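Undergrad:
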Amino acid sequence: MVIRRKPFAALLIAASLAVGVPAAYAKDAPAPPAQAQKAFDNKIIKKIKADNMYNHIAHLAAEPRVAGTEAEWNAVQYIEEKFTSYGYETEIQPFKFENYYAPKVSVTAGGETLSSNSFTYTPNGVVTADLVYAGLGRVSDVEGMDLNGKIALIQRGEISFTEKVLNAAKAGASAVIIFNNAPGVINGTLGEANDDYVPAVALSQDDGEKLKTVLSEGQTISATVSVTDGRIVEETSHNVIAVKKPTQKKKATDQIIVVGAHHDSVDGAPGANDDASGVAASLELARVIANMPTDTEIRFVTFGAEELGLIGSYEYVDSLSQNERDRIVGMWQMDMVGSRDAGELVMFTVDGEKNTVTDLSAAAGVRTGTPLTYGQEGRSDHVPFYEAGIPSALFIHNPVEPWYHTPEDSLDKISKEKLQETAEIVGAAVYHVARPDTPALERARVAPKPVDYEKIVGGIQ
Ligand code: BES
Ligand code: ZN
2 MVIRRKPFAA LLIAASLAVG VPAAYAKDAP APPAQAQKAF DNKIIKKIKA
52 DNMYNHIAHL AAEPRVAGTE AEWNAVQYIE EKFTSYGYET EIQPFKFENY
102 YAPKVSVTAG GETLSSNSFT YTPNGVVTAD LVYAGLGRVS DVEGMDLNGK
152 IALIQRGEIS FTEKVLNAAK AGASAVIIFN NAPGVINGTL GEANDDYVPA
202 VALSQDDGEK LKTVLSEGQT ISATVSVTDG RIVEETSHNV IAVKKPTQKK
252 KATDQIIVVG AHHDSVDGAP GANDDASGVA ASLELARVIA NMPTDTEIRF
302 VTFGAEELGL IGSYEYVDSL SQNERDRIVG MWQMDMVGSR DAGELVMFTV
352 DGEKNTVTDL SAAAGVRTGT PLTYGQEGRS DHVPFYEAGI PSALFIHNPV
402 EPWYHTPEDS LDKISKEKLQ ETAEIVGAAV YHVARPDTPA LERARVAPKP
452 VDYEKIVGGI Q
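In my numbering, the protein residues as written are 2 to 462.
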């Protein structure tokens, strides 16, 4: 069948919407989808069992799966075993990353202990010295000031925490206290480790203002800043890669499809929806597709250390040759696809533009009865693929549930219907490309600029 234009003739871009708000592929597309296409979809859809996905989540979300921990490794082994049992060639791809463990912090000033926080990446150190108020900590503030051996008291604002710490350290300060310019204690980061930092801690606006007032009256305040046990530890996480080579050797295209999810979770959260749900949907699609005839290579990849900065997916994309990158026609990332308390399924691309993945999936959504909208968002493993020039999209329910990144992200909040719906759409879209009778996709032509579509209402801004 012609997949280059036909399905999209039926899809009108309903309206141009502001960036960040999902744009709509028309729900009331006029041309009915071909029966033949639906029959192909059914080959996949009929086999998808929500119970299987639910059971995977039950297993994976028994405990948090923080990158680098034994729990993450247990998840990796579970996932790999499942892929192997469906007949896939699998690979566990290890990679190292630096994990930061927050220090113990205390601040006393004028004999009083104040409520404080560390800044991520502050060095350890215990410093007792007089406090000196150094304004906003800009170069112009500290210029000519005698901060030698002193603790600099700095107000939040205008420049980054990192710049404040570096400026004060350069002017001789032995430690830095930054106080808030809004209620509460700052929970901030210095971005990365740096040998030029001195111990840096945060105070509330109230406490900081009080100290500033006392200092402005000319009084001396002796303070102790104590930062201990902060550590940067090299740890190992893993990606799980399962590959299905084309079954149709003679008719095989050289194209590759990637279906992704992340198996790690944040500390303290069982991550039933984030993202055991995406892993479960990937496993179920892998099971269903395992014995189908295909002419396109399909790679199911579950990533480690997503929550620590998409580390696993960057690692995976880095490991691809340019030739492989060129052959990947699309990357489907499923992240948070099973919450009963979240909104509708949407597709997010990094640049907010539609692409091969959103086009194929929007068409699949129309056929399976769930028209999809799309919008702009990064924040998941589709980002490194996008940056490598590979069409990619994040499939997620929007708005997200209130349990996101909390201990309440647990199995009881999982909806089998939501899982089923997502797996059907992604399964139908992927199989549309991978089944033997579909001509090879030419990325650029399949995902034209809006002006290339046959019928357009509005456009994308
Ligand atoms: N599943 C989330 C991504 C997400 C959450 C996207 C809510 C859109 C709405 C993901 O696991 C996550 O938490 N990502 C991090 C960013 C990452 C670069 C560390 C985030 O959004 O804080
Ligand atoms: Zn996630």
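We put the beta carbon where it would ideally sit given N, CA and C, even for glycine. What you are looking at is a predicted structure, and each value in this text was computed from that prediction instead of being measured.
Could you tell me the alpha carbon to alpha carbon distance between G145 and A130, rounded to whole angstroms?
TA: 19 Å
Undergrad: Is it buried or exposed, G370, if we count other Cβ atoms within 10 angstroms and call 16 or more buried?
TA: exposed
Undergrad: With a Cβ-Cβ cutoff of 8 Å, do K417 and Y55 count as a contact?
TA: Yes, they are a contact pair.
Undergrad: Using C-beta distances below 8 Å, list every residue in its chain close to S411, excluding the 5 sequence neighbours before and after it, in chain order.
TA: A62, P271, A273 and W404
Undergrad: Please work out which residues of its chain come closer than 7 Å, Cβ to Cβ, to K419, disregarding the five sequence neighbours upstream and downstream, and give them in chain order.
TA: Closer than 7 Å at the Cβ level, and outside the excluded window around K419, lie V338, G339, S340, R341 and H398.
Undergrad: Report the three-state DSSP secondary structure of T248 (helix, strand or coil).
TA: coil
Undergrad: Taking all protein chains shown into account, do 16 or more other C-beta atoms lie within 10 angstroms of the C-beta of N240, making it buried, or fewer, making it exposed?
TA: So N240 ends up on the buried side.
Undergrad: Would you verify that the beta carbon of V133 is, or is not, closer than 8 Å to some beta carbon of chain C?
TA: Judged by its chain identifiers, the structure shown contains no chain C, having just a single protein chain.
Undergrad: Looking at the structure shown, is D131 part of a helix, part of a strand, or coil, going by DSSP?
TA: strand
Undergrad: Using 8 Å as the threshold, is the C-beta distance between D208 and F180 below it?
TA: yes
Undergrad: How is K213 classed by DSSP in three states: helix, strand or coil?
TA: helix
Undergrad: Kindly indicate which three-state DSSP category Q220 falls into: helix, strand or coil?
TA: Q220 falls in the coil class under three-state DSSP.
Undergrad: I'd like to confirm the pairing. Which residues does DSSP put opposite Q377 in its beta bridges?
TA: T350
Undergrad: Quick check: L361 and A287, are their CB atoms within less than 8 Å of each other?
TA: no
Undergrad: Under 8 Å between the Cβ atoms of T254 and T297?
TA: yes
Undergrad: Are the CB atoms of A243 and Y89 nearer to each other than 8 Å?
TA: yes
Undergrad: Hey, could you find the ends of the beta strand (DSSP E) K105 is sitting in?
TA: K105 to A110 is the extent of the beta strand (DSSP E) around K105.
Undergrad: With a 10 Å radius around its C-beta and 16 neighbouring C-beta atoms as the bar for buried, classify Y102 as buried or exposed.
TA: exposed
Undergrad: Identify which residue in A277, E218 and F301 has its Cα closest to the Cα of K245.
TA: F301
Undergrad: Could you tell me whether the Cβ atoms of L373 and M335 are closer together than 8 Å?
TA: no
Undergrad: Between the stretch 133-143 and the stretch 168-180, do at least 3 Cβ pairs fall closer than 8 Å?
TA: Touching, per the Cβ criterion.
Undergrad: Between which two residues does the alpha helix (DSSP H) holding S314 run?
TA: I312 to D319
Undergrad: State the CB to CB distance for the pair F396 and V318, rounded to an integer number of angstroms; the pair is presumed to be in contact (CB under 8 Å).
TA: Not a contact, Cβ separation roughly 18 Å.
Undergrad: Look up M54 in the DSSP assignment and say whether it is helix, strand or coil.
TA: helix
Undergrad: Report the option in Q421, N75 and M332 whose CA atom is closest to the CA atom of K48.
TA: When C-alpha distances from K48 are compared across Q421, N75 and M332, the shortest belongs to Q421.
Undergrad: Tell me the residue span of the alpha helix (DSSP H) that contains W74.
TA: E71 to S86
Undergrad: If you compare alpha carbons, which of P104, V106, S107 and E73 is closest to I510?
TA: Residue 510 is absent from the model: the chain starts at 2 and stops at 462.
Undergrad: Starting from G150, follow the alpha helix (DSSP H) in both directions and report where the run begins and ends.
TA: From DSSP, G150 is part of no alpha helix (DSSP H); its letter is neither H nor E.
Undergrad: Looking only at its own chain, which residues have a Cβ that is under 6 Å from the Cβ of K250, when we skip the five neighbours before and after it?
TA: none
Undergrad: Indicate, with yes or no, if the ligand BES has a heavy atom lying under 7 Å from the CB of S393.
TA: no
Undergrad: Assuming V351 and V384 are in contact, meaning their beta carbons sit under 8 Å apart, how far apart are those beta carbons, in whole angstroms?
TA: 6 Å
Undergrad: Starting from E236, follow its DSSP beta bridges and name the residues at the other end.
TA: F98
Undergrad: Bridge partners for Q156 per DSSP, in chain order?
TA: Its beta-bridge partners are F180.
Undergrad: Looking at the ligand ZN, does it come within less than 7 Å of P57, judged from the CB to the closest heavy atom?
TA: One point to set straight first is that residue 57 is His, not Pro, in the sequence displayed. Not one heavy atom of the ligand ZN lies closer than 7 Å to the C-beta of H57.
Undergrad: Kindly provide the ranges of any beta strand (DSSP E) runs that are 3 or more residues long and lie completely inside the stretch 242-292, ordered along the chain.
TA: The stretch 242-292 contains these whole beta strand (DSSP E) runs: 257-263.
Undergrad: Of the residues I187, D275 and V215, which one's Cα is nearest the Cα of V401?
TA: Measuring from the Cα of V401, the nearest candidate turns out to be D275.
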